[in-house]
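Asks: Heads up: the sequence shown begins at 56 in the working numbering, then just goes up one per residue.
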Amino acid sequence: MNSHFRDTRKIDPARGACLGDGTPNDPDRVEIGPTRLAFDEWREAGLALPDLPALRRYRWERLT
Numbered sequence: 056m057n058s059h060f061r062d063t064r065k066i067d068p069a070r071g072a073c074l075g076d077g078t079p080n081d082p083d084r085v086e087i088g089p090t091r092l093a094f095d096e097w098r099e100a101g102l103a104l105p106d107l108p109a110l111r112r113y114r115w116e117r118l119t
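Here you go:
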């Protein structure tokens, strides 16, 4: 009984190890890109993902 659920759970395990832009599906990180809500809305609307690395780089430059 030494294994804990918190060590293996994921917010959305159905998405696999990576999100749509290739970044890790890791719920324990700071996200400066779109939220999961935005990803869901884009998927429901049938929209293609924007250039997420460029979007994150732009936001990171504004923060630092």
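The beta-carbon is built from N, C-alpha and C at its ideal position, and this holds for glycine as well.
#1: Could you please give me the residues that DSSP links to P108 through a beta bridge?
#2: Suppose the cutoff is 8 angstroms on Cβ atoms and the five residues either side in sequence are ignored; what does the same chain contact list for E86 look like?
#3: Quick one, are the C-beta atoms of R111 and G88 less than 9 angstroms apart?
#4: L74: which of W115, D95, E99 sits nearest, CA to CA?
Replies: According to the structure shown:
#1: Working through the sequence shown from its first residue, we reach residue 108 at position 53. P108 is not bridged to any residue.
#2: As a first step, residue 86 is located in the sequence shown; it is residue number 31 there, counting from the start. Same-chain partners within the cutoff: there are none.
#3: Locating residue 111 in the sequence shown gives position 56, counting from the first residue. Locating residue 88 in the sequence shown gives position 33, counting from the first residue. Taking 9 angstroms as the Cβ cut-off, R111 and G88 qualify as a contacting pair.
#4: Position 19 of the sequence shown, counting from 1, holds the residue named residue 74. Cα-wise, what sits closest to L74 is D95.
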